[in-house]
Amino acid sequence: MKLDRRTFIKGAGIGTAGCALATMLPGTLGALERGQLNGSATEVASICEMCSTRCPISARVVNGKNVSILGNAKAKDFGGAVCARGGSGHSQLYDKQRLVKPLKRIGARGEGKWQQIEWDEAYQIIANNLNQIKAQYGPEAVAFSSKSGSNHGFIFHLAKAFGSPNTFTHASTCPGAYAIAAKAMYGGSVKRDLADSKYIINFGHNLYEGINMAETRGMMHAQTEKGAKLVVFEPRFSIVADKADEWYAIKPGTDVTVALAISHVLINDNLYDREFVQQYVSGFDEFAAEVQQYTPEWAEAISDVPAKDIRRIAHELAAAAPHALMDFGHRATFTPEEFEMRRAIYAVNVLIGNLERKGGLYFAKKASTYNKFAGETAAPVLAKPGVKDLPKISAPRIDLVDKQFAMIAASGGIYQSILDATLEAKPYQIRGWVMSRTNPMQTMTDRARVVAAMNKMDFIVSCDIYVSETAAYADLVLPESTYLERDEEIADISSKNPAYYVRQKVVEPIGDTRASIQIFKEIGVALGLGEYFPWDNIETLQLFQTGNNPALLQQLKQDGYVSYGTPLMLREAGMVKQFTKAHSNAVAADADGTYASHIKFNTPTGKIELSSAKVEQLAEGRGVIRYREVNLKKADELFFIQGKTAIHTNGATHNVPMLANLMSDNAMWIHPVTANLLNIANGDRIRIYNDTGSEEGHALVTPGIRPDTVFAYMGFGSKNKELTRATGKGIHCGNLLPHVTSPVTGMNLHTTGVKIEKI
Ligand SMILES: Nc1nc2c(c(=O)[nH]1)N[C@H]1C(S)=C(S)[C@@H](COP(=O)(O)OP(=O)(O)OC[C@H]3O[C@@H](n4cnc5c(=O)[nH]c(N)nc54)[C@H](O)[C@@H]3O)O[C@H]1N2
Ligand SMILES: Nc1nc2c(c(=O)[nH]1)N[C@H]1C(S)=C(S)[C@@H](COP(=O)(O)OP(=O)(O)OC[C@H]3O[C@@H](n4cnc5c(=O)[nH]c(N)nc54)[C@H](O)[C@@H]3O)O[C@H]1N2
Ligand code: SF4
Ligand SMILES: [Mo]
């Protein structure tokens with residue numbers, strides 16, 4: 045099935061999502077230019093945290109009040125801009141409904157009865173409960189979790205000091221699979237150079253709604269300035285699909301077939317980069333033999349993407365190579381076979397030899413790497429604060445008992461395993477949960493199971509800025525200062541060259557809120573673990589990071605974002621030439637003017653492992669990338685998929701006034717043919733149900749979706765009483781998604797089957 049762009053636009057409105065790009069205004073003042081406000085205005089350079097992309101910002105303060113947020117103009121990749129959410133930071137900051145005081149639950153879990161208490165009392169309650177669990181069941185019976193990105197180091201440090209191995213980020217609900225696939229193949233994470241790409245193949249990487257300013261702008265730049273061709277495989281007509289040269293409404297969960305068929309064509313039509321494969325790749329022959337069966341015709345039968353287009357696209361991709369890429373996406377939860385899916389995507393990139401080439405994939409050049417090539421300290425290397433003599437932890441993590449999961453630990457664990465451990469004592473029972481900046485009742489899948497697990501726990505603390513849907517079930521809720529009210533550690537944001545940036549307090553904290561660095565240290569002290577928290581405040585840590593260099597810290601605070609040296613891609617002769625010119629002691633280039641001979645891979649063979657003995661040993665039968673059939677729904681159900689809206693962040697911003705005003709509800713996208721069969725008209729109230737749950741909402745009838753698939757923007761329909769601007773508005777996606785832990789990657793799954801009826 046293929047709709048070309050013109051016929052689609054003729055036949056349909058763009059749907060609810062049509063305003064996404066228009067919302068990418070430079071901050072909430074919109075038309076007001078920088079410098080137009082008079083009075084005692086100051087600009088503070090800092091870092092956005094309206095989502096975990098963490099863009100560099102410049103926040104304007106007038107009379108002690110934050111009035112607008114723009115992008116930091118010094119961070120060129122980000123274009124000096126923020127998205128709609130980034131521009132709404134002060135709406136969150138000054139929201140009367142945000143948390144300003146610790147809360148103690150005095151009713152049943154979820155009942156909404158709270159008492160404000162002082163911090164000292166909160167710490168005492170936490171210490172009593174956690175130490176009691178520790179004494180009775182061991183420290184491992186307490187799980188600690190936080191979305192990674194900001195401050196998670198402090199809560200995880202508390203976990204270590206307490207003695208629990210069970211720390212979790214959001215990885216298994218989001219990026220885990222692509223990170224693990226990259227580790228298995230390249231030996232570590234790779235980045236994508238969208239801005240310089242001439243040909244981009246995109247499998248549902250929703251960059252014009254699921255925004256990452258640098259990548260979103262990179263892709264826009266490639267499309268508008270460089271004439272790049274964008275080919276999009278997406279079950280629905282997303283904004284990215286709308287802006288694409290070609291859109292294929294692929295069947296959910298079948299992307300792997302198209303990626304494998306493209307490899308088939310690249311190899312069989314002799315279009316792949318033999319020299320690259322010879323120099324850098326191990327396991328090519330096994331992979332080549334495996335993909336013989338994956339013809340474009342085979343892929344068409346499974347994915348609905350025409351074989352002739354797959355062939356042509358493979359040829360076009362090869363013609364644009366190496367300045368071309370197949371995007372490995374972001375939220376890797378489309379199928380339980382994400383390990384095969386993301387590896388199949390990397391395999392195509394390997395075959396076109398785009399590593400360390402403009403428009404392809406590359407490794408981040410952090411200061412230590414960059415300086416080695418430069419033969420001098422071109423960029424300061426930050427010191428990593430560590431604490432000696434932490435307690436030895438002997439208990440196993442609850443999620444890594446099976447050897448197939450061995451590659452997961454470093455990437456954040458299998459978050460949903462907390463539910464299994466709590467409800468089924470698998471491999472042992474979790475009884476306490478300390479969480480920060482995470483809202484699993486909305487974002488984990490199978491809301492009912494999250495509720496059941498929380499109801500079974502002895503003690504739960506949630507640190508948040510709102511009483512999130514999850515926090516509503518906690519015993520204590522700790523109010524963190526928002527990102528505009530706190531200083532943080534210096535962060536590394538290196539890409540082709542080293543760069544750092546730092547979050548700074550923009551205004552003084554409102555109410556009785558504190559930052560993670562203080563909260564988790566004070567909990568540690570209350571638990572009797574004070575010796576493991578040697579830092580006094582954030583400045584001590586920042587100075588330690590700079591190797592006690594106040595001038596460097598001052599520069600970082602002044603500019604907010606500082607980059608060093610020149611962009612370097614090791615197989616680009618032009619860049620290497622600039623680099624050696626800039627650094628007189630630089631490592632000499634190879635005969636061809638590049639650093640191609642210096643590329644190393646942190647894998648057992650020291651090469652890119654297209655097929656891998658190590659993976660085979662961890663997960664039998666998976667050493668070679670292959671297609672594995674999946675069953676995502678029952679025959680009489682529709683596929684149910686989700687995505688981000690440009691207006692909100694995950695399960696986080698639906699109560700932020702400005703954003704709630706822009707969008708407070710989602711709708712279920714249904715194809716007209718399907719709607720007709722179900723007797724559903726646009727705007728009708730509908731019931732959506734399956735074996736996991738049941739939801740009510742309304743229908744958006746649009747041809748911008750496959751007839752066998754329905755779609756909703758995620759994060760809506762909170763069932764908590766406290767989030768008054770979000771409660772009960774829209775379809776709660778997590779309530780319809782089954783509890784799944786995928787092989788090898790441990791990912792949960794966001795695609796399922798649903799039935800729909802008119803109410
Ligand atoms: N059905 C479905 N589920 C999904 C997805 C999907 O597409 N569909 N997407 C998945 C993805 S990609 C991700 S990354 C996860 C994200 O899910 P989570 O990891 O749960 O993260 P968020 O929803 O972004 O935010 C979590 C909480 O952080 C709080 N918060 C915001 N700022 C601060 C702060 O400064 N301090 C503290 N302490 N708390 C703060 C918010 O109020 C919110 O309650 O969801 C996943 N879940
Ligand atoms: N505005 C905004 N920006 C965000 C976020 C946000 O919540 N709001 N969250 C941030 C986070 S945490 C992340 S991870 C990124 C998310 O970045 P992305 O992963 O790019 O975005 P999503 O919208 O979650 O989902 C991807 C798209 O995949 C499509 N899709 C679903 N199933 C399939 C399938 O089987 N095959 C194919 N080809 N496509 C499929 C969906 O329709 C959706 O458009 O965005 C980040 N930026
Ligand atoms: S993408 Fe938007 S919300 Fe996320 S950090 Fe950047 S500006 Fe903030
Ligand atoms: Mo994510």
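The numbering used here puts the first residue of the sequence shown at 45, with every later residue one more than the last. Where is the CB? At the ideal position from N, CA and C, for every residue including glycine.
Between the C-alpha atoms of GLY591 and ALA427, what's the straight-line distance to the nearest angstrom? Approximately 6 angstroms, taken between the alpha carbons.
Given 7 angstroms as the limit, tell me if CYS218 has its C-beta closer than that to any heavy atom belonging to ligand 4. yes
What are the boundary residues of the beta strand (DSSP E) that includes THR86? 85-91
Is it the case that the region 361-381 contacts the region 404-414, given that we only count it when at least three CB pairs across the two stretches are under 8 angstroms? yes
Does any heavy atom of ligand 1 sit closer than 7 angstroms to the C-beta of ALA696? yes
With DSSP as the reference, identify every bridge partner of PRO350, one or two as the case may be. DSSP output for PRO350 lists no bridge partner at all.
I'd like to confirm the pairing. Which residues does DSSP put opposite SER102 in its beta bridges? ALA89, LEU114
Selected residue, minimal CA-CA separation from ILE161, among GLU155, LEU147, SER708: LEU147
Quick check: is any heavy atom of ligand 1 less than 7 angstroms from the C-beta of PHE484? The amino acid occupying residue 484 in the given sequence is Pro; Phe does not appear at that position. The closest heavy atom of ligand 1 lies less than 7 angstroms from the beta carbon of PRO484.
From this set, LYS145, VAL106, VAL620, which residue's C-alpha is nearest HIS134's C-alpha? VAL106
With DSSP run on the structure shown, which of helix, strand or coil describes LYS148? If DSSP states are grouped into helix, strand and coil, LYS148 belongs with the strands.
State buried or exposed for VAL445, treating a residue as buried only when at least 16 other CB atoms are found within 10 Å of its CB. Taking every protein chain shown into account, the CB of VAL445 has fewer than 16 other CB atoms within 10 angstroms, so this residue is exposed.
Under a three-way DSSP split, which group does ARG769 fall into? In the structure shown, ARG769 falls within a coil segment according to DSSP collapsed to helix, strand and coil.
Taking 7 angstroms as the cut-off, does the CB of ARG491 come closer than this to any heavy atom belonging to ligand 2? no
Answer with buried or exposed for PRO542, where buried requires no fewer than 16 other C-beta atoms within 10 angstroms of its C-beta. By the neighbour-count rule (16 or more Cβ atoms within 10 Å), PRO542 is buried.
Is any non-hydrogen atom of ligand 2 found closer than 7 angstroms to the C-beta of ILE775, if you look at the structure I gave you? no
Straight-line gap, ASN720 to HIS742 (C-alpha atoms, nearest Å): So the two alpha carbons sit approximately 15 angstroms from each other.
Could you give the DSSP three-state label for HIS201: helix, strand or coil? helix
Ligand 1 and HIS214: does any heavy atom of the ligand fall closer than 7 angstroms to the residue's C-beta? HIS214 has its Cβ nearer than 7 angstroms to a heavy atom of ligand 1.
Every unbroken beta strand (DSSP E) within the region 522-589, with a cutoff of 3 residues, ordered by chain: Whole beta strand (DSSP E) segments, 3+ residues: 534-536, 543-546.
Which of the three DSSP states is assigned to GLN322 in this structure? GLN322: helix per DSSP, three-state reduction.
So, do the region 206-214 and the region 175-186 have three or more beta carbon pairs nearer to each other than 8 angstroms? yes
Just checking VAL546 against ligand 3 - is the residue's beta carbon closer than 7 angstroms to any of the ligand's heavy atoms? no
Between the beta-carbon of GLN562 and the beta-carbon of LYS601, is there less than 8 angstroms? Cβ atoms of GLN562 and LYS601: not closer than 8 angstroms.
From LEU767 to ILE169, what does the alpha carbon distance come to, in whole angstroms? 25 angstroms
Cutoff 6 angstroms; reference THR67; Cβ partners in own chain excluding five residues on either side: Residue placement at THR67 is flagged as unreliable, the pLDDT there being 34, under the threshold of 50; the coordinate-derived value follows with that caveat. Excluding residues up to 5 positions away in sequence, ALA128, ALA690 lie with their Cβ nearer than 6 angstroms to the Cβ of THR67 in the same chain.
When you measure from the CB of ARG129 to every non-hydrogen atom of ligand 2, does any distance come out below 7 angstroms? yes
If I measure Cβ to Cβ from MET479 and keep anything under 6 angstroms in the same chain, skipping five residues before and after, which residues do I get? These residues qualify, in order along the chain: SER189, SER506.
Between which two residues does the beta strand (DSSP E) containing VAL186 stretch? Unbroken beta strand (DSSP E) run through VAL186: 186-190.
By alpha-carbon positions, which one of THR217, ILE582, GLY197 ends up nearest to GLU382? THR217
Secondary structure of MET501, DSSP reduced to three states: coil
With C-beta atoms as the reference, is VAL349 less than 8 angstroms away from PHE281? With a cutoff of 8 angstroms on beta-carbon distance, VAL349 and PHE281 are scored as not near each other.
What three-state label does DSSP hand HIS374 in the structure shown? Shown here, HIS374 sits in coil according to DSSP, grouped into three states, outside any helix or strand.
For a quick check, are the C-beta atoms of ARG493 and HIS783 less than 8 angstroms apart? yes
Use the C-beta contact count for GLU491: other C-beta atoms within 10 angstroms, 16 or more gives buried, fewer gives exposed. Strictly speaking, residue 491 in this sequence is Arg, with Glu absent from that position. Buried, since its Cβ has 16 or more Cβ neighbours within 10 Å.
Suppose only complete runs of 4+ residues qualify. What are the alpha helix (DSSP H) ranges in the region 433-476, listed by chain order? Correct list: 461-468.
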